[in-house]
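Enquirer: Residue numbers (this note's numbering), protein chains in the order written: chain A, 105 to 427; chain B, 560 to 854.
All C-beta atoms in this analysis are idealised placements derived from N, C-alpha and C, irrespective of residue type, glycine included.
Just so it is clear, the structure is predicted and the values come from calculations on it, not from any experiment.
There's a structure below that I have some questions on.
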């Protein structure tokens, strides 16, 4: 229950809650205390160095392959008429079964003011799928815009690192404001206004049906993210992310954090798309020794890859009991 | 260890407060900017420039396409099932209509060669309404003689050769050649004394001919004492109302001339516009609203 409340609170833009000292269990406090002076900076440096040699980008690689494969499957299904995955990211048929993006379906139902049976079937299927797979998993494992944004993010981080540009942040509640605005716009105007500017839909259609002028808008967004604000669309605007983050609050697939292994050096927070979810890795900020990362997490696995001390891991809640 | 005090609002430094204020202003500007941009999508709708020929069964009446806009989820499944690739998706210049399916009849009309209205069946939201059963039930638009002076029939001319030139990419079903696969128009030679391509290729007129033949067969079978199959007995939408025919009229000089006349049964599929062999703009076009000012 705490997980759901904390997740929703962060999804809608509140700061991660800070535990007071008496809320933390003794064992956790002992861990925080015990570590002082235990590992020197040099030790951590060597651990990171060791880690980089052995690991890296395992999940990123899998994820990129998945994004490309899924979008390629859409394209192939159309071009060669194999009928595996027909349609686009907004709505499709997977070997005949209706799939509908939750947010697109919501926008349509708000604008059209009818409950369309096929959409109910499609959204139920998709809801169950992302419920099992982690909600915002959609963002980092399927959304074509995410992949492009990741690449421009690399440029942005490099530019900021070289002090060529300065990164700007926005208030995270902006995304909630957008969510309400787009829902109201659909309801009041009767047009699916968000679809017009959704880079996910635009890109998906461009991949499948060929490029168009709409790609210029996607280009502008990517330029904005490169030179002004890191991952601005996904962090501060996109209602699709909010919808799936809400689904993710009751998903069993999560990233878990173990305070015992953590050295708080913060590599995970530097690469995270939604770094507020990893605030619990800051020394003194966890509520417990073992915690799940809240549902705004896209389950991209970059923190799992980068963590030199195996403090962050994927888990499927309840699965270990069965196995 | 400090005393477990009640959480107080932390007192922020001046710098922190200033940066918070800046962040707030930036966020407000971002919100206003993105919302304004998304609202510019209404411009083509307000101007009415985004109205186009839509696939069969599109939820709309005359020029009001609002329901079609709202119910379409912009997935393009209708595009994927069309055997002649008549359906395309609108681009961002159509504003909130981005991703909405349309048909450019001159380039590739809907010739109903799927028979079963597959785009309607594919639509996941009922934006192409399932109320349609047969091609003849739809009213995508209405054909209109736009440039009677350039019409070959009006000029008393015939037509010989391929309708739209050898480089034309469009497809049509030529029932007598291949029932199941649409063929390139560029591979089909015509040789007619008075041009009647728009009537000849009209899917509704072709359907009527089929109905007549079927009826004849049924009569024959009946007289031979055999029972027709149930499907044949009930037929489907047989015969639809006539859509277009060649009429004889008298021109200004008192000469008799032929002219295609659009009739009530026209569904606005656009095949006449597509096949019209006149170079450049076709003599006959499909309007998306019902306006007939000639014929």
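1. Output yes if chain A places a C-beta closer than 8 Å to the C-beta of residue 847 of chain B; else output no.
2. Quick test of the definition: if touching needs 3 or more C-beta pairs under 8 Å, does the segment 392-402 of chain A touch the segment 108-118 of chain A?
3. With residue 753 of chain B and residue 720 of chain B assumed to form a contact (beta carbons below 8 Å), what rounded beta-carbon distance in angstroms separates them?
4. Contact check, residue 230 of chain A vs residue 206 of chain A under 8 Å by CB: the rounded distance?
5. Can you give me the Cβ contacts of residue 560 of chain B inside the same chain, cut-off strictly under 6 Å, excluding the 5 residues immediately before and after it?
6. In the DSSP output, what is residue 196 of chain A paired with across the bridge?
7. Anything in chain B within Cβ reach of residue 294 of chain A, meaning under 7 Å, just list it in chain order.
8. How should residue 809 of chain B be labelled, buried or exposed, when 16 other C-beta atoms within 10 angstroms of its C-beta is the threshold for buried?
9. In this structure, does DSSP put residue 219 of chain A in helix, strand or coil?
10. For a cutoff of 8 Å on Cβ pairs, would you count residue 215 of chain A as touching chain B?
11. Since residue 815 of chain B and residue 821 of chain B are thought to touch, with beta carbons under 8 Å apart, how far apart are those beta carbons, to the nearest angstrom?
12. Using only alpha-carbon positions, find the residue among A:380, A:299 and A:385 that is nearest to residue 655 of chain B.
13. Can you pull the chain B neighbours of residue 208 of chain A, defined as C-beta to C-beta under 7 Å?
14. Counting only Cβ-Cβ distances shorter than 9 Å, please list the residues of the segment 660-677 of chain B near chain A, keeping chain order.
15. Scan the segment 569-590 of chain B for residues whose Cβ lies nearer than 7 Å to a Cβ of chain A and list them as they occur along the chain.
16. Specify, as a first and last residue, the run of the beta strand (DSSP E) that residue 419 of chain A falls within.
17. Suppose the cutoff is 6 Å on Cβ atoms and the five residues either side in sequence are ignored; what does the same chain contact list for residue 323 of chain A look like?
18. So, is residue 677 of chain B buried or exposed, given that buried needs 16 or more other C-beta atoms within 10 angstroms?
19. Are the segment 387-396 of chain A and the segment 335-351 of chain A touching by the rule of at least three beta carbon pairs closer than 8 Å?
20. I'd like to confirm the pairing. Which residues does DSSP put opposite residue 805 of chain B in its beta bridges?
21. Residues of chain A with CB closer than 7 Å to the CB of residue 725 of chain B, please, in chain order.
22. Is there a C-beta anywhere in chain A that falls below 8 Å from the one on residue 688 of chain B?
23. What are the uninterrupted segments assigned as alpha helix (DSSP H) that are 4 or more residues long and contained completely in the segment 237-263 of chain A, given in chain order?
24. From the beta carbon of residue 684 of chain B, is the nearest beta carbon of chain A less than 8 Å away?
25. Just to confirm the assignment, what range does the beta strand (DSSP E) spanning residue 359 of chain A have?
26. Note down the Cα distance separating residue 618 of chain B from residue 845 of chain B, rounded to an integer number of angstroms.
27. Name the chain E residues that come within less than 7 Å of residue 321 of chain A, Cβ to Cβ?
28. Mark residue 253 of chain A as exposed unless 16 or more other C-beta atoms lie within 10 angstroms of its C-beta, in which case mark it buried.
29. State the DSSP-derived secondary structure class of residue 138 of chain A, mapped to helix, strand or coil.
30. Bridge partners for residue 846 of chain B per DSSP, in chain order?
31. Just the C-alpha distance for residue 302 of chain A and residue 778 of chain B, rounded to the nearest angstrom, thanks.
32. Please classify residue 782 of chain B as buried or exposed, where buried requires at least 16 other C-beta atoms within 10 Å of its C-beta.
33. Based on Cα-Cα distance, which residue from B:652, B:633, B:740 and B:685 lies nearest to residue 642 of chain B?
34. Identify whether residue 660 of chain B lies in helix, strand or coil by the three-state DSSP scheme.
35. Could you name each continuous alpha helix (DSSP H) segment of 4 residues or more that falls completely within the segment 714-782 of chain B, going from the start of the chain to the end?
36. Closer than 8 Å, CB to CB, is residue 639 of chain B near chain A or not?
Expert: On the basis of the data shown:
1. So no, residue 847 of chain B is outside the interface.
2. Yes, they touch.
3. Between residue 753 of chain B and residue 720 of chain B a beta carbon distance of about 15 Å is seen, past the 8 Å cut, so the two are scored as non-contacting.
4. Residue 206 of chain A and residue 230 of chain A do touch by the CB rule: their CB atoms are close to 6 Å apart, below 8 Å.
5. Legend: pLDDT at residue 560 of chain B = 43, less than 50; position of this residue unreliable, no value from coordinates given.
6. DSSP, once it has assigned bridges, lists A:191 and A:203 as partnering residue 196 of chain A.
7. Using a Cβ-Cβ cut-off of 7 Å, residue 294 of chain A is close to 625 and 629 of chain B, given in chain order.
8. It counts as exposed.
9. Coil.
10. A Cβ of chain B is located within less than 8 Å of the beta carbon of residue 215 of chain A.
11. The beta-carbon distance between residue 815 of chain B and residue 821 of chain B, rounded to whole angstroms, is 20 Å. This is too long to meet the 8 Å contact definition.
12. When each option's Cα is compared against that of residue 655 of chain B, the closest is A:299.
13. Those are 632, listed as they occur along chain B.
14. Listed by position, the residues of the segment 660-677 of chain B near chain A (Cβ gap below 9 Å) amount to none.
15. Of all residues in the segment 569-590 of chain B, only 582, 583, 585, 586, 589 and 590 come within less than 7 Å of chain A when Cβ atoms are compared, listed by chain position.
16. Its beta strand (DSSP E) spans residues 416-420.
17. If we look at residue 323 of chain A and ignore the five residues flanking it on each side, it has no Cβ neighbours.
18. Around the CB of residue 677 of chain B, 16 or more other CB atoms lie within 10 Å, so the residue is classed as buried.
19. Inter-segment contact for the segment 387-396 of chain A and the segment 335-351 of chain A is absent: fewer than three beta-carbon pairs are separated by less than 8 Å.
20. Bridge partners of residue 805 of chain B: B:819.
21. Near residue 725 of chain B there are no residues of chain A at all, since even the closest Cβ is about 25 Å away, more than 7 Å.
22. Chain A contact via Cβ: absent.
23. Runs found: 241-245.
24. Between residue 684 of chain B and chain A, the shortest Cβ-Cβ separation is below 8 Å.
25. Looking at the DSSP string, the run of the beta strand (DSSP E) that includes residue 359 of chain A is 357-362.
26. It is roughly 18 Å from the alpha-carbon of residue 618 of chain B to the alpha-carbon of residue 845 of chain B.
27. Among the chains of the structure shown, chain E does not appear; the protein chains present are A and B.
28. Residue environment: residue 253 of chain A is assigned as buried (16 or more neighbouring CB atoms within 10 Å of its CB, all protein chains considered).
29. Assigned with DSSP and collapsed to three states, residue 138 of chain A falls in helix.
30. In DSSP, residue 846 of chain B forms a bridge with B:701.
31. Whole-angstrom Cα-Cα distance: 59 Å.
32. A residue is called buried when at least 16 other Cβ atoms come within 10 angstroms of its Cβ; residue 782 of chain B does not meet this threshold and is exposed.
33. Nearest neighbour of residue 642 of chain B by Cα position, chosen from B:652, B:633, B:740 and B:685, turns out to be B:740.
34. In the three-state reduction of the DSSP assignment, residue 660 of chain B falls in the strand class.
35. Listed in chain order, they are 756-759 and 762-782.
36. At least one chain A Cβ lies under 8 Å of residue 639 of chain B.
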